[in-house]
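In the working numbering, the protein residues as written are 703 to 1549.
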């Protein structure tokens, strides 16, 4: 028997070693026949100790894992660390430390804190991505993509962070800045490794339909927008000084007769080629312009408020249908990685093109009359008092060059030869037919999505398993030589300098070619850490298997993930990459599904005084201090009670003190329930039993609907009802009180595991309450005991009365006749008929 006072510190010290001994969340029993659930929290980056955001996310994931276990499922709930990457490397450089040692020390601290936080993890299934036993399979994955033609290397203009001295994927640039350090990103030409995620663009987009209702709509919308599929046509233009044709994608092929110039991205290979053959003064102007553009971010270049700039390259393109010569300009509003880095300028019908044309006095040719009706329905025309139509004095002018407003609406084609008179939509289809017939174009799609750039010029990451021979061949490292491990960082200068520090590790980088043993060099770049996290959920299924990345039998047993929990900040980057890799693994025959995460829970942030917590702002709440002050259970319960999981939690608006007091009240009840374990509660307090079984019936739907705060509120109501029964009802010896307190312990096991476990022991049960099993509600106790019957006279309501739910027709009629309102309404009249529908309605017909 425990002490009389609720002491969270003592309770935590008591149960943590017990759980270590009994392993309540282990999943290594291959004979376990229970149905399975896979609940996964996004694994953390091990920088320092756990913070308030971790506390929130793990509280929610734990509620779900513990709930499904109580419901009779074998629940896989693993944990690991996303331990490669820039933060560890930069922190180690700043401290003069080894990234490996710094990272492993943080992992040890994280693990200690997670155990104290009582997260229901299977501690036999842990991993960290900087372990060679993990990144060996990162390299295997890279080679699988390489063999499938989905990993390739090419020179291109890339996003470059001057501070971190490394390239960034498009998704890692936020508002023109590095997402890690907030430094403005510039463009730099480098030869880099890419994954062909664009080959999967349609599937990544269309398969989002499978996730409707199971992923947050906001996340689905963000992914759709990022992939950004546009449909239109690809038109082939010939440009003097360039061999072959230049394909240009447009969503408005109906406006092709309105093209008056062509614009190319100044940082594209095409612009460099055209400028190289131009006159000396053009080359000089172009180079100066290119230098200016290279210092601009893509956000700046796409800013519609900024004046358009460009350089005439002195070259001409040929219109594919009319043969007209069109001047070619380098223009900064054209991006090298959109389409093919070239656009056809249709200034009358595109605002950016119009702004550019007006800036440089280029022709503007209207080919869509937006004043013309394009529907079969006549517009409403106002009439005067005589019934005559009142027409406007004049229609809006079709002169964009004068007005500065492009004509972007619907209308009918003009100045377009065989397309004249067609609506926009009909003209698009007809123009595509013309282009295909002449062999100068075709229907096409374009995407905002770009191939995934995976090279990084840093040390702390997975080495790319490719060897480069002296004659320029790329040779995959043979599987039996994996993993290609990182060399010791001692003696290497890890400071960012634009090239990978691994290139200076002579003994590591210089190797014999796997083909013929001649001198060769390892690829000195490392992989983007989003590769590590794109498939880690599969490694959890076989974390200690050194023969394969994951066991197919275990994949079929557990995957895909049933519920994934983490922050919405990963809505594009991580989730998109994980979806892509899953589809590749499906196509390669390694997994039997195409979507990795069946359902997704995105939690909000923990803030203070309405702002994101920050040391510099002085509004930082330290998790370790809150745990020491209030205890793990009070903090976890506070997180769950604060509101819907997707909402932000302002720590100043919540009350861990209140949670602590509630837990103490609930715990004291477990000390006071005097009925013996197994006592039959049926003769007990019926009102309390109804409260108990209403909670048992309602809680599952509330948990599965992610209404954790409502479940906690219902637990508080049940605790109050139980206290009332103890103090002023049947008393502590009533079996219904024991039933209620055991139910409170079961409910609290989802939110406050230490307190729940101690209550369970106080009630005379063996640990662990986490595996006690959810009790089924007695449905007979949920039936309303009284019903309000409506009594009418000639169809008008005259009175109401509460009657037993099982009242019969005769008794209900007798009760109804005696009601004052009914007697007044009937008076001396005769009742011709009594219509009785027990227990809800009586209607007396008089007349």
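We put the beta carbon where it would ideally sit given N, CA and C, even for glycine.
query                                                                                                                   : result
Contact check, residue 1302 vs residue 1278, beta carbons under 9 Å                                                     : no
Minimum C-alpha distance to residue 929 - residue among 1335, 1393, 909 and 978                                         : 909
Collapsed DSSP secondary structure at residue 853 in the structure displayed                                            : strand
Coil, strand or helix - residue 1065 by DSSP                                                                            : coil
Collapsed DSSP secondary structure at residue 1082 in the structure displayed                                           : With a pLDDT of 47 at residue 1082, under the threshold of 50, the modelled position of this residue cannot be trusted; read the value that follows with caution. Coil at residue 1082, not helix or strand.
Residue 971 in three-state terms, based on DSSP                                                                         : helix
Cβ-Cβ distance between residue 1559 and residue 895 below 9 Å                                                           : Residue 1559 falls outside the range modelled here, since the chain spans only 703 to 1549, and no answer is possible.
Touch test, the segment 948-960 against the segment 1169-1182, Cβ-Cβ under 8 Å, three pairs minimum                     : no
Check whether residue 953 and residue 1045 have beta carbons under 9 Å apart                                            : no
Residue 1417, enclosing alpha helix (DSSP H) - first and last residue                                                   : 1410-1430
Start and end residues, beta strand (DSSP E) containing residue 1033                                                    : 1027-1033
Which residues DSSP lists as bridging residue 1165, in chain order                                                      : 1228
Buried/exposed call for residue 1043, threshold 16 Cβ in 10 Å                                                           : buried
Residue from 1037, 1023 and 1189 with nearest C-alpha to residue 1138                                                   : 1023
Touching by the beta-carbon criterion (3+ pairs, under 8 Å), the segment 1475-1491 and the segment 1388-1405            : yes
Residue 834 versus residue 861: straight-line alpha-carbon distance, rounded                                            : 29 Å
Three-state secondary structure assigned by DSSP to residue 1299                                                        : strand
Contact between the segment 1314-1333 and the segment 940-948 (3+ Cβ pairs under 8 Å)                                   : no
Given 8 Å, three or more beta-carbon pairs between the segment 1439-1456 and the segment 1412-1419                      : yes
Spatial neighbours of residue 1209 in its chain, beta-carbon cut-off 8 Å, leaving aside the 5 residues before and after : 1189
Helix, strand or coil at residue 947 [DSSP, three-state]                                                                : strand
Rounded distance between the beta-carbons of residue 1313 and residue 1304, thought under 8 Å                           : With a Cβ gap of about 20 Å, residue 1304 and residue 1313 do not count as contacting.
Host beta strand (DSSP E) of residue 829 (start-end)                                                                    : 828-830
For residue 1116, the three-state DSSP class (helix, strand or coil)                                                    : coil
Under 9 Å between C-beta atoms of residue 857 and residue 808                                                           : no
Heavy atom of the ligand HEM within 8 Å of residue 1544 beta-carbon                                                     : Questions concerning the ligand HEM fall outside what the structure shown contains, since it holds no ligand whatsoever.
Enclosing beta strand (DSSP E) for residue 965 [first to last residue]                                                  : 963-966
Cβ-Cβ distance between residue 1495 and residue 1453 below 9 Å                                                          : no
Burial state of residue 1570 (16 or more Cβ within 10 Å)                                                                : This structure cannot speak to residue 1570, because the chain is shown only from 703 to 1549.
Residue range of the beta strand (DSSP E) that includes residue 1020                                                    : 1012-1020
Buried versus exposed, by CB contacts within 10 Å (16 or more), residue 899                                             : buried
Proximity winner among 775, 1195 and 757, relative to residue 817 (alpha-carbon distances)                              : 757
Counterpart residues of residue 884 in DSSP-defined beta bridges                                                        : DSSP output for residue 884 lists no bridge partner at all.
Contact check, residue 815 vs residue 1325, beta carbons under 9 Å                                                      : yes
Proximity winner among 863, 1062, 786 and 1258, relative to residue 836 (alpha-carbon distances)                        : 786
Touch test, the segment 729-749 against the segment 764-774, Cβ-Cβ under 8 Å, three pairs minimum                       : yes
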